[in-house]
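All remarks here apply to the structure that follows.
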Amino acid sequence: AVAQLDHPDIVPIYESGEEEGMPYFTMRLAEGGSLADRLKRRGVMAEKEAAGLMVRIARAVQYAHEHGVLHRDLKPANILLDVGGRPMLSDFGLAKLLDAEFQLTKSHAYVGTPHYMSPEQAAGKAKEVTTASDVWALGVMLFQMLTEKLPFTGGSAVEVMRRITQEEPEISSSGKLKVRKGKPAKKMPVQEVSAASLKRVHPDLATLILRCLEKRPGRRLPSAGFLADELERFLNGEPIESRAVSAGERVWKLAKRNKKLTLAVVCAAFSLIAGTGVSMYQAVQARAAQRVAVKEKQEAQKVAEIVLATLRDLDERHTGSDIDPERMKQQMLKRLMEFRGDPVRKANMLAETATMFENKQCLENYKMALALVEPVLDADDPQVWDLRFCVAGQRAVMENSSDGSMEELKKVLDWQREHQGPKHSQTLFTMLTLGKNYNIRGEGVEAEALLSEVCREVDGNDLYSHRHQALCRMEHMTAVFNAGSQERALALGREYGRKALAELGDGHVMTARSLGRLASCYRKAGLLDEAEVEGRKALEIYWRSVGPDNVYAKDCLSELSGLLGRKGKKAERLALVREAVQICDMRLGPGHSFSLYRVECCLYVQNEMKLHEESVKMGEEWLQRVRTENGGLPADADGVMRELAKAYAARNDHVNAERILRDLVQVMQKHQPEDVQHYADLSNLADELTDQNKPAEAVPLLKKAILGLETAGDAKPQLSGIALPKARKRLARAEKELAKEKSAVK
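Using full-length UniProt numbering, read the sequence shown as starting at 1 and increasing by one per residue.
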């Protein structure tokens, strides 16, 4: 099919065959070299020259698409030039037929050149590669022709592909290049955009580039031919039809990268705006309407300033730097605490933004909000009880469904039933929360009584979203299982799983949670094959929908890995954890805490299978990738170092085991000096020193480790219960070796 393409801007293949066992083909000679050579020799192209060249390239690509051929490896090196500079599309080596009945490419194979890959190619989703993938590559080439830069750069192919799938291109809709901060690569130089090289691309061309580089294929320009049409309109001085990326879309993209943070800010903004409107309405009804209205207006302006300042922090165009979520959260909290207006409004702000913080600060926000409203609102005001629910619910999360938190939730439920009614949405939500916590405690009978009632009211009710309905069903199935009716629970789980698939589809996190919970119940019932099937389904949906850094995805992967180990499927378990490492590396980067945890798990499985050589190779390479410029290692790499040290020790390579353990102790001393694990690591290092006939160095380390384990052991009783006896035994051995050494010296 490729050989039959007949277009003036596609290099024709004259003949193909085999000579002495070697395949060959002949094609037209391109005397002008390639577009890559042109860019290397002469640098940035003028806008009209680049646009004119891209018109011909895009027309040729469109012709190939119309004849059922997808290129999949468009790049300047594959655009040949004749003597007059006319482009000719070449090298269809990775092309695939659009109507092919069978595809040989595996679903996770990577096809193409990294810098020009579309997100679907970079994510290994070969089945999702369409003509839109070639449109993406055309956008990358146009960017490169106009700037001599690449929109996505990195120190390795993996880093480039991660940025393609996770980050936005280095150009704004106004046409200005953006500086991407980050440490330079050690192996491959990163083409960073320096301040001196900043230039503007014509806004119309910037719009077309950004539309080609949309993450979702369906949002890109509809075809290569349409790109050619738009470029011709630009060349003719006519307005293009493509719409620039709006401010709303930019906020949405920021939200996708900082979901929890942005959601809290936006919710706060809407609730505060609504609160201002209600307060204004009530104020004008008051006797001192004008005075109160002025005060309300001033307070509303302060609220708006807080929200707008925080939203500006989300946009690197205003800050001039990448977003630091932790710094932003602390700045917003500081602004909220400085607010001196209406205590109810301040309570609203604290409550609405609570979920952007970790557990402890989240609870503090709710408590502060409750303390603000209790003195000024009636005891039966719904807002007081809403905040009491928030405090109790967060306590339950932090205290593992403690008796105190459960009693407070019951009080809230009693008030809601009396004042709001048993079918009120907030009443039902409190019942769901109580039932969920009963499930956590394993009290299935109590949970089922509540959740059966919730499901009757919610299931099939258009007032509640399919997601909430699926959540209620999932907890109800769990309650029935915990109450002892396993067969009935599993039947419900299968039914509820089918409903989730039908209502939410196979790309929704709640579908994955439903299937994952069914897998857990199968496992507890001893039905391991069924558990594996459902667990794999759930994990695939997690990775496709919310990604590997989702906490539910993490739990699902751990359960499935443990299940495969329990079934004795060692090779399949190893393949699973290796795939998880690859996906985390691609989507999150090597230094992300989840990526490092996945590497640790992979090393653990390899060590368990006695694949110590592979563990050493993988562990050393990974630590090298995440090591900072000054040679330090991140705190989250501690688990990788422990497993790597075990691999070295298993090979009797005590010198390298000692080296890794010294690095580990240094990291722990810097980040968690009083942690029980730090003292356990000291004990392990000392044991290696004893093995290397260094008892004089080992003894003081072991004494320090024992003292630390005795002092701080209550924080992690299980770990200290293992590490402390081991450290005492090691101390006895080290002191014995030291005594022998001293005796020998005498």
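Backbone N, C-alpha and C define an ideal beta-carbon position, used for all residues, glycine too.
- When only Cα atoms are considered, residue 501 and residue 511 end up about 6 Å apart.
- In the DSSP assignment, residue 79 falls within the unbroken beta strand (DSSP E) covering 79-81.
- Counting along the chain, no alpha helix (DSSP H) covers residue 89; the unbroken beta strand (DSSP E) around it starts and ends at 87-89.
- According to DSSP, residue 117 shares a beta bridge with no other residue.
- Secondary structure of residue 660 (DSSP, three-state): helix.
- DSSP places residue 356 outside any alpha helix (DSSP H), giving it a letter other than H or E.
- Each residue's CA atom was taken as its position, placing residue 127 and residue 539 some 19 Å apart.
- Boundaries of the alpha helix (DSSP H) harbouring residue 678: 676-691, taken from the DSSP string.
- Residue environment analysis places residue 743 among the exposed positions, since fewer than 16 neighbouring C-beta atoms fall within 10 angstroms of its C-beta.
- Among the bridge pairs identified by DSSP, residue 528 is matched with none.
- Three or more Cβ pairs drawn from the stretch 599-609 and the stretch 617-626 lie within less than 8 Å of each other, which places the two stretches in contact.
- In the DSSP assignment, the residues bridged to residue 19 are 22.
- Under the three-state reduction of DSSP output, residue 69 falls in the strand class.
- Put simply, of 473, 401, 424, 453 the residue whose alpha carbon is nearest the alpha carbon of residue 438 is 401.
- Rounded to the nearest angstrom, the gap between the Cα atoms of residue 82 and residue 34 is 9 Å.
- The bridge partners DSSP lists for residue 34 are 80.
- In the structure shown, residue 706 adopts helical secondary structure according to DSSP, grouped into three states.
- The continuous alpha helix (DSSP H) containing residue 436 extends over residues 425-441.
- Take residue 550, set aside five residues on each side of it, and the residues of its chain with a beta-carbon closer than 8 Å to its own are 509, 542, in chain order.
- Non-local beta-carbon contacts of residue 53 in its own chain, meaning distances under 6 Å to residues more than five positions away in sequence, involve 87 in chain order.
- Taking 8 Å as the cut-off, the Cβ atoms of residue 431 and residue 453 count as close.
- DSSP places residue 583 in the helix class (H, G or I) of the three-state scheme.
- Looking at the DSSP output, residue 10 shares a beta bridge with 89.
- The C-alpha of residue 124 is placed about 41 Å away from the C-alpha of residue 451.
- Measuring C-alpha to C-alpha distances from residue 634 to each of 421, 594, 654 identifies 594 as the nearest.
- DSSP places residue 482 in the uninterrupted alpha helix (DSSP H) bounded by 466-482.
- Counted as a single uninterrupted DSSP element, the alpha helix (DSSP H) harbouring residue 388 occupies residues 382-398.
- Just so you know, the alpha carbons of residue 713 and residue 589 end up roughly 34 Å apart.
- Comparing alpha-carbon positions, the option among 383, 591, 483 lying closest to residue 628 turns out to be 591.
- Spatial neighbours of residue 358 in its own chain (CB-CB distance under 8 Å, excluding positions within 5 residues in sequence) are not present.
- Sequence-distant Cβ neighbours of residue 513 in its own chain, meaning closer than 7 Å and more than five residues away, are 474, 552.
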